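Inspection log for the structure reproduced underneath, given as structure tokens.
Right, here's the structure in full:
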């Protein structure tokens, strides 16, 4: 456990809270910039042991809530008043209205999570089933970083003191400790909500660009030594992916990352690292704390007197595609890091149904209708649950319209008998007006699905639950709510019906027992329907 914890730096006892208010006049920013070649404009350097990493593959990748029933005149007057509001006022008004409606109708989400399908226990866990084997008798004292006589041994390593229990570890570390063979986090785990609050409220101590990838992403480190991947806002909620864009040149959307986490949780997969939205002060929380010179040098003041930056990446990192604040506030998603690869190795797998990522060429699965038969005979898809997990991922991607699933990862410790980690979901929710049926090809070719997944999909299609309503309720808890506009929510209901139709066709063609794999291990299915 000593190896799990960061070597805490000596720091002063004074606390510093993060400010989300606009900083000084952006025009004054240039006065603080150092002269070319000078380091005097840089924040003081500090050392930090990096415990986490988001991916070991360098290239891996305003809601329109329905109005209450009112008269035509009242509706017209309400719409006029709504149109006169600013963007932020509209968003807060819509969120408040939705929260009131949810309070009146009761929580669909709570009812869903109380359903027997969402309360099934895991198999008993042994040491081989947990990512970390932690001796809970070991105690640590974070204050030891301020007092070397009490907290550090002769070799400078952090030593146990008997003053801190494992329940007092930082929430990000408790999240890591809870990962097991079957899930990234357990249902109703209070640590996850606490960690998401940390990501929103903790002071950002350093920022750096993430290497690899096609678009700008930032690694943010917090005062509790946790880290998260920050994807800044590039599109408004209302914008759709331009029809002439290829899937591999589409924008990565911060709200898609947030919505994907909530969708994954509602589907009961729990394979997406927790994500939350945050409004970041670009001056105080990025520019002033970064030690990344390449990032720092791309900051500038726009003609509209807003702070902007663009960083370095393959796509959309230029003055023409700069990220600008209002005047220096910008939205973004924060995805909690997984444990560092030195502590928990992950294996990267090529998705069998990977697209060609070429303007003209097609992948083999696009031209061979029997492609799945070949996959079924290839390890690790010839045994265990891996092929069924690919079907889960296919359904997940189709519901949000994500075509960019070229690789996936698993924890090496668990071998092939473990879940797939659903990383990098920023290219979902790009088009609500179009359903990309090619995403469903793995499902239609293989005609295989877990029984638990099939039953949950049927449950989410029922009116008393309804996927769009559940997503709307769940997303209201995010700081940047509303996350998705109404057409995206309605598109998920439409796509869910299409998934169920594909499965119905498979069952009619091949028979229920040949399509639906029983993973419930119960005799009475009526318990779940």
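Residue numbers (UniProt numbering): 1 to 529.
Just so it is clear, CB atoms sit at the ideal spot from N, CA and C, and this is done for glycine as well.
Owing to the predicted nature of the structure, the values given are computational and were not obtained by experimental measurement.
Element boundaries [beta strand (DSSP E), containing residue i]
i           : result
residue 329 : 329 to 336
residue 227 : 227 to 232
residue 207 : 204 to 209
residue 220 : 218 to 222
Check whether residue i and residue j have beta carbons under 8 Å apart
i           : j           : result
residue 336 : residue 220 : no
residue 354 : residue 391 : no
residue 438 : residue 502 : no
residue 222 : residue 202 : yes
residue 347 : residue 410 : yes
residue 311 : residue 334 : no
residue 453 : residue 507 : no
residue 268 : residue 118 : yes
residue 376 : residue 382 : yes
residue 400 : residue 263 : yes
residue 332 : residue 278 : yes
residue 236 : residue 478 : no
residue 289 : residue 206 : yes
residue 198 : residue 180 : no
Through-space distance from residue j to residue i, alpha-carbon basis
i           : j           : result
residue 488 : residue 497 : 15 Å
residue 163 : residue 238 : Since pLDDT at residue 163 reaches only 49, below the 50 mark, its modelled position is unreliable, and no value is offered.
residue 402 : residue 204 : 30 Å
residue 423 : residue 379 : 22 Å
residue 287 : residue 227 : 17 Å
residue 122 : residue 182 : 8 Å
residue 107 : residue 258 : 20 Å
residue 514 : residue 450 : 11 Å
residue 173 : residue 185 : 12 Å
residue 387 : residue 329 : 43 Å
residue 243 : residue 274 : 31 Å
residue 463 : residue 255 : 26 Å
residue 303 : residue 319 : 12 Å
residue 418 : residue 271 : 11 Å
residue 446 : residue 455 : 18 Å
residue 414 : residue 301 : 49 Å
residue 433 : residue 491 : 7 Å
residue 535 : residue 251 : A query on residue 535 cannot be resolved here, the shown segment of the chain reaching from 1 to 529 and no further.
residue 240 : residue 430 : 5 Å
residue 266 : residue 177 : 23 Å
residue 360 : residue 385 : 34 Å
Endpoints, the alpha helix (DSSP H) within which residue i is located
i           : result
residue 126 : Counting along the chain, residue 126 falls outside any alpha helix (DSSP H), and DSSP gives it neither H nor E.
residue 411 : Taken as a continuous stretch (DSSP letters only), residue 411 belongs to no alpha helix (DSSP H), being part of the beta strand (DSSP E) at 407 to 411.
residue 275 : No alpha helix (DSSP H) holds residue 275; the beta strand (DSSP E) holding it covers 275 to 281.
residue 396 : 386 to 400
residue 453 : 451 to 460
residue 176 : 171 to 177
residue 531 : Outside the shown range of the chain (1 to 529) lies residue 531, about which nothing can therefore be said.
Distance cut-off 7 Å: residue i Cβ against heavy atoms of the ligand GTP
i           : result
residue 504 : The ligand GTP is not among the ligands present in this structure, which contains no ligands whatsoever.
Review point. Is it a yes or a no for the stretch 118 to 135 touching the stretch 466 to 476, going by three-plus beta-carbon pairs under 8 Å?
Key: no
Check your understanding: Between the stretch 404 to 415 and the stretch 348 to 366, do three or more beta carbon pairs fall short of 8 Å?
Key -> yes
Check your understanding: Would you say the stretch 323 to 334 touches the stretch 304 to 311, given that touching needs at least three Cβ pairs under 8 Å?
Key -> Yes, since at least three Cβ pairs between the stretch 323 to 334 and the stretch 304 to 311 fall closer than 8 Å, the two stretches touch.
Practice item. Just list the alpha helix (DSSP H) runs in the stretch 310 to 372, keeping only unbroken ones of 4 residues or longer that don't cross its boundaries, in chain order. Key: For secondary structure counted as the alpha helix (DSSP H) over 4 or more consecutive residues, the stretch 310 to 372 holds these complete runs in sequence order: 364 to 367.
**Study point:** In chain order, each beta strand (DSSP E) run of at least 3 residues that lies wholly inside the stretch 499 to 523
**Key:** As far as the stretch 499 to 523 is concerned, it has no whole beta strand (DSSP E) run of at least 3 residues.
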